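Just below is one structure, and these are the notes that go with it.
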Amino acid sequence: RFKAVIFDLDGVITDTAHYHYLAWKRLAESVGVHFDEAFNEHLKGVDRMGSLDLILGEAARNYSAQQKLEMADAKNRHYQDLISTMSEADLLPGAVDALAAVRAAGLRIGLASVSKNAFTVLEHLGIRGRFDYVVDAATITHSKPHPEIFLTAADKLGVDPGECLGVEDAVAGVASIKRAGMYALGVGSPEVLTQADRVIPGLDQFRLEDY
Ligand code: G16
Ligand code: MG
Numbered sequence: 003r004f005k006a007v008i009f010d011l012d013g014v015i016t017d018t019a020h021y022h023y024l025a026w027k028r029l030a031e032s033v034g035v036h037f038d039e040a041f042n043e044h045l046k047g048v049d050r051m052g053s054l055d056l057i058l059g060e061a062a063r064n065y066s067a068q069q070k071l072e073m074a075d076a077k078n079r080h081y082q083d084l085i086s087t088m089s090e091a092d093l094l095p096g097a098v099d100a101l102a103a104v105r106a107a108g109l110r111i112g113l114a115s116v117s118k119n120a121f122t123v124l125e126h127l128g129i130r131g132r133f134d135y136v137v138d139a140a141t142i143t144h145s146k147p148h149p150e151i152f153l154t155a156a157d158k159l160g161v162d163p164g165e166c167l168g169v170e171d172a173v174a175g176v177a178s179i180k181r182a183g184m185y186a187l188g189v190g191s192p193e194v195l196t197q198a199d200r201v202i203p204g205l206d207q208f209r210l211e212d213y
């Protein structure tokens, strides 16, 4: 019943979510802000400047726009350092099989990541060619949970949102899929991804015929 599957990248296909966590933690602690895994959950799927604002909270007004850009740049340089040694070995279990299963079923495949580093990560993983369309985060105005990125992917793939299955590990990402009018497959825990239509622990449990 689906004509396309649109995947998130970070936390679904590869564990860059952990690298984002490490890079934000160092930045947050450098300005005296406590940062842990629980807080990091709110940042998943949220774009770079949006994440910084969430981290700074009330303290955000103590910094100029220029200072905030420098902080975001510092985080990004650290993140790019962390992803520079990534390879095919960093694909999460079941990721390539899931992409192959979708392809074998004759469906189109999209990628919807708000990360401006997504193309670099795809190149490192060696899977750029497996996607019919990769949304360029630089062209997206609204971060997840806004539906823009998933709607853009569906549009470019030439399918209706109602014919799409979206795959996400983040609360904001699942919300983005639902607001786009798509079926949401969560990757992670059902207690966290309460808005998802179905939740699996990882792509190694991906069974297209089940959704
Ligand atoms: C990802 C991560 C977010 C990160 C965002 C922007 O979103 O989940 O934590 O803040 O990308 O990344 P960058 O700073 O590289 O542009 P997604 O949509 O891939 O889950
Ligand atoms: Mg994600």
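So that you can map any letter, position 21 of the sequence shown is 23 in UniProt numbering, and since no number is skipped, the others follow by simple counting.
Just so it is clear, CB atoms sit at the ideal spot from N, CA and C, and this is done for glycine as well.
No experiment lies behind these values; they were computed from the predicted model shown.
Look at the alpha carbon of residue i and the alpha carbon of residue j, and state the distance between them as a whole number of angstroms.
i    : j    : result
G128 : A102 : 14 Å
D212 : E31  : 43 Å
Q69  : L94  : 36 Å
I57  : F37  : 8 Å
A25  : V7   : 30 Å
E90  : D17  : 12 Å
A182 : A156 : 9 Å
F208 : A100 : 6 Å
F9   : L113 : 5 Å
V194 : N42  : 13 Å
T143 : G52  : 12 Å
L54  : A106 : 40 Å
S66  : N78  : 18 Å
G108 : F4   : 10 Å
D83  : A76  : 11 Å
Y23  : N64  : 23 Å
Taking the alpha carbon of residue i as the reference point, which residue from the options has its own alpha carbon closest?
i           : options                   : result
S145        : F9, S115, V169 and A155   : S115
D199        : A174, L205, D206 and G168 : G168
residue 214 : T196, A172 and V201       : With the chain covering only 3 through 213, there is no way to say anything about residue 214.
V201        : F4, L187, L109 and L159   : L187
A120        : A19, V161 and A40         : A19
L29         : R63, E72 and K5           : E72
H80         : M88, Y21 and H44          : Y21
V176        : R63, K5, H44 and A40      : H44
Q197        : A61, A140 and P147        : P147
Are there 16 or more other CB atoms within 10 angstroms of the CB of residue i, so buried, or fewer, so exposed?
i    : result
P192 : exposed
T154 : buried
P149 : buried
A97  : buried
R50  : buried
G47  : buried
H33  : Strictly speaking, residue 33 in this sequence is Val, with His absent from that position. V33 should be labelled exposed.
P163 : buried
G59  : exposed
A174 : buried
If you check the beta carbons only, do residue i and residue j fall under 8 Å apart?
i    : j    : result
I151 : S178 : yes
V189 : E170 : yes
I111 : R132 : yes
L11  : V104 : no
D134 : L159 : yes
V136 : I85  : no
Compute every distance between the C-beta of residue i and the non-hydrogen atoms of the ligand MG, then say whether any falls below 7 Å.
i    : result
G13  : yes
G175 : yes
K46  : yes
Below 7 Å, is the gap between the Cβ of residue i and the nearest heavy atom of the ligand G16?
i    : result
D17  : no
A106 : no
K27  : no
H148 : no
R50  : yes
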